[in-house]
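Residue numbers (our numbering), protein chains in the order written: chain S, 12 to 174; chain H, 13 to 462. Ideal placement from N, C-alpha and C gives every residue a C-beta, glycine not left out. Inspection log for the structure reproduced underneath, given as structure tokens.
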Amino acid sequence: MNLTNDDVQEILHLLDASSSNEFHLHTERFKLALRRAGDGLWAQSTEILSPPKLAGSVSEAPLAPLPAAAASTAPTLAVDSLMDVRAPLVGHFYRAPKPGAPPFVEPGSRVEETTVVAIIETMKLMNSVYAGVAGRVVEIFPENGQFVEQDAVLMRVDPEPPQ
Amino acid sequence: MIHRILIANRGEIAVRVIRTCRRLGIETVLAASEADLDSLPARLADAVICLGGPRSPDSYLKVAAVIAAAKMGKADAIHPGYGFLSENRDLALASAAAGIIFIGPTEAQLDAVGDKLKARGHAVAAGLPVVPGGQAATLDEAQDLARSIGWPVLVKAVGGGGGRGMKLVEEPDRLVETLELAVAEAAAAFGDPRVYLERYVASGRHVEVQLLGDGHEVVHLGDRDCSIQRRYQKLVEEAPAPNLADGLRAEMHRAAVAFGRHLGYRGLGTVEFLVDCQRNSFYFLEMNARIQVEHPVTEAICGLDLVAEQIAVAEGRRLAMTQEQIRFSGHAIECRINAEDWTRDFRPSPGTVTVAEFPSGPGIRVDTHMQAGARVPPHYDSLLAKLIVHGTDRAAAIERMGKALALCRIDGVATNTAMHAGLMRAGPFLAGGVDTAYFPKFLSEGASHG
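And the structure:
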């Protein structure tokens, strides 16, 4: 049986009446630390150490490694004038506003600085990715739906000389 | 009698359900995605079954996988938590077909309120006032409808709720673009791409009434104010709603109960209202047919364990109390601690938590799935912990919240704890009864003061 909130409350009761300012308990199953914080309050940190009891899986796919995230593996050409469009945050990369819709851009598409070129879905939010530079899309690296790390290079754009 | 519950959810609500199950002597099986197999609820549950891949559509949104997990775990009931499949008719139907109790309303009731358009119809039938709006089949129809409603309009996901799947459109040019993004988000978040339009009421308070029904009788457990929101995401909730005229409060309680009775409602449900402070009137927004994130503030003021009540009515029991027996005491506030960098436009901050320290003491409750080493995956929402305080009155509760926030320490990911601390000192919040336009203003003013 693991530590419950009631257990912690009982321990707090005992400690409130004592002169101790700290309390540490470390068992095989949990770690509990309490630190007196004044005004009858305590700062508490609990760690449940017991491992989960995995009873099975109903996953259709066996527990396979996730498709590798496109991180720092993006090609870095020696010296060129191409600009990187990078992932503003970690998440799933989508090329179109919704499933089945045409992609925002293809290689060859002309973009403005403010053109939305992709979506990164993170923590249930769709975050627009902007080109950040005016020019022509040269390459798009991740597959649609692929998981990408923050700052992963998503696309390369051949910038236009300033007008 | 329910002996073993499959929890088809994750995060703090999974921990919350496990806590009540333990108290009641009910075994728990957690249905977890690959990303959550080592989470705190997985460590607390009596057993864990892997549902599938980390992305919600591969796991938490997969009805067949949840049912298969319930069978594999020999569970006699499924608790769906909030979000994910909590208001999904197919899960209710499939549970019934498999001889497993779905801890929630009936399939017909889920249909009546889960589809936000049907819910509007039922609200009208039960005599509740609604906001002007409706559905559009094509983009042209949407333009026409928006024109007739008047700008700005809200685009809302039919399958949405809990603040997810709503977008504001201020001008006609943005409608198509917003609709497309809303459809994509709705499909990803709820597995239902349909959206509808509603008039945007700029200045209003979000007040909701907690219902509990057993299929025969319906009682209310008071109201909550959830007006502190950013982009329709609730950040702070309190019970009871402060500075609400007594007559209006009683009328909202009556309206919510009338809606519940109209449906013959069974389970926990929340009727959300938009309160027009100037006109001293209210509109029905929607009903959430599940436990809410903010249910602890109600538990704090009425002394009930709402998960236990949910389980009791799911077992077919009658309500254990009458309306007159429900008593309210004091004031409760909840702050949602999220993994987001509020100083950088609330950018999501997934990662690994290295330190998780929370306040403990009288009148303080923390619902969380965080501990040192916990991972915050990028696949789900950003809620890390709910800090709930209870005081004899609102001022006492706010003071306690200030102290509690100061003792919250989460390292490894960015959090919004300091933002909450600032809010607890802000004049308009201290005065009580702000509308939904207040919080964005608080943020922009706070930012300009550094």
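Inspect the beta-carbon positions of H/Val-388 and H/Val-425 and report whether they are closer than 7 Å. Yes.
Pop quiz: H/Ala-368 and H/Gln-383 are said to be a contact at Cβ under 8 Å. What is the actual Cβ separation, rounded to whole angstroms? In this structure H/Ala-368 touches H/Gln-383 by the C-beta definition: roughly 5 Å separates them, less than 8 Å.
Taking a cut of 9 Å between CB atoms, which residues from the region 41-64 of chain S lie near chain H? Hits within the stretch, in order: Lys-42, Ala-44, Leu-45, Arg-46, Ala-48, Gly-49, Asp-50, Gly-51, Leu-52, Trp-53, Ala-54, Gln-55, Ser-56, Thr-57, Glu-58, Ile-59, Leu-60, Ser-61, Pro-62, Pro-63 and Lys-64.
Compare the C-beta of S/Val-69 against all C-beta atoms of chain H and say whether one is closer than 7 Å. By this cut-off, S/Val-69 is an interface position.
Do the region 224-239 of chain H and the region 271-288 of chain H make contact, defined as three or more Cβ pairs closer than 8 Å? The region 224-239 of chain H vs the region 271-288 of chain H: in contact.
How far does the alpha helix (DSSP H) with H/Ser-160 in it extend, from its first residue to its last? That run of the alpha helix (DSSP H) goes 151-161.
Check each candidate in H/Gly-203, H/Cys-62 and H/Ala-20 and name the one with the smallest Cα separation from H/Ala-47. Cα-wise, what sits closest to H/Ala-47 is H/Cys-62.
Same chain, Cβ closer than 7 Å to S/Val-144, five either side skipped, listed in chain order: Met-94, Glu-124, Val-168 and Pro-170.
Considering only C-alpha positions, which residue in the set S/Arg-106, S/Asp-18 and S/Glu-58 is nearest to S/Asn-138? Of the candidates S/Arg-106, S/Asp-18 and S/Glu-58, S/Arg-106 places its Cα closest to the Cα of S/Asn-138.
Three-state secondary structure (DSSP) at H/Arg-52? Sequence check: residue 52 of chain H is Leu here, not Arg. In the structure shown, H/Leu-52 falls within a helical segment according to DSSP collapsed to helix, strand and coil.
Could you pull out every residue in the same chain whose Cβ sits closer than 7 Å to the Cβ of H/Ala-87, ignoring the five residues on either side in sequence? Within the same chain, H/Ala-87 has close Cβ partners Arg-16, Ile-17, Leu-18, Val-41 and Ile-112.
Let's test the definition: count the other Cβ atoms within 10 Å of the Cβ of S/Gln-55 and tell me whether it reaches 16, buried, or not, exposed. Under the 10 Å beta carbon count, S/Gln-55 is surrounded by 16 or more other beta carbons and is classified as buried.
Name the chain S residues that come within less than 8 Å of H/Tyr-392, Cβ to Cβ? Met-134 and Lys-135, listed in chain order.
Chain H within 7 Å of S/Glu-21, Cβ atoms only: So, not an interface residue.
Looking at H/Val-219: is its Cβ nearer than 7 Å to the Cβ of H/Phe-285? Cβ distance < 7 Å, so H/Val-219 and H/Phe-285 count as in contact.
Can you pull the chain H residues whose beta carbon is under 9 Å from the beta carbon of S/Leu-100, in chain order? Near S/Leu-100 (Cβ distances below 9 Å), the residues of chain H are Arg-359, Pro-360, Ser-361, Pro-362 and Pro-390.
Buried versus exposed call for H/Asn-350 [16 or more other C-beta atoms within 10 Å across all chains shown]: H/Asn-350 should be labelled buried.
Beta-carbon gap between H/Leu-260 and H/Asn-300 smaller than 7 Å: No, they are not a contact pair.
What are the boundary residues of the alpha helix (DSSP H) that includes S/Asn-138? Looking at the DSSP string, S/Asn-138 is not in any alpha helix (DSSP H); the run it does join, the beta strand (DSSP E), is 136-141.
Between which two residues does the beta strand (DSSP E) holding H/Phe-358 run? Segment: none, H/Phe-358 is in no beta strand (DSSP E) and carries neither H nor E.
Completely contained beta strand (DSSP E) runs for the region 205-252 of chain H, where each covers 3 or more residues: Counting whole runs of 3 or more residues, the region 205-252 of chain H contains the beta strand (DSSP E) stretches 207-211, 217-226, 230-242 and 245-251.
Following the continuous alpha helix (DSSP H) through H/Ile-79, name the residue where it begins and the one where it ends. For H/Ile-79, the enclosing alpha helix (DSSP H) stretches over residues 75-84.
Going by DSSP, what residue range makes up the alpha helix (DSSP H) through H/Asp-122? Rather than Asp, the amino acid found at residue 122 of chain H in this sequence is Leu. Per DSSP, H/Leu-122 belongs to the alpha helix (DSSP H) from 119-126.
Please state whether DSSP places S/Leu-52 in a helix, a strand or coil. Strand.
Can you find a CB in chain S that lies within less than 7 Å of the CB of H/Ile-30? No, its Cβ sits nowhere closer than 7 Å to a Cβ of chain S.
DSSP state of H/Met-413 mapped onto helix, strand, coil: Helix, per DSSP.
Assuming contact is defined by CB atoms lying nearer than 7 Å, are H/Gly-234 and H/Pro-252 in contact in what I supplied? Taking 7 Å as the cut-off, the beta carbon of H/Gly-234 is found closer than this to the beta carbon of H/Pro-252.
What is the DSSP secondary structure of H/Asn-300, counted as helix, strand or coil? Reduced to three states, the DSSP call for H/Asn-300 is strand.
Does S/Ala-66 get closer than 7 Å to chain H when you measure Cβ to Cβ? For S/Ala-66, the closest Cβ of chain H is nearer than 7 Å.
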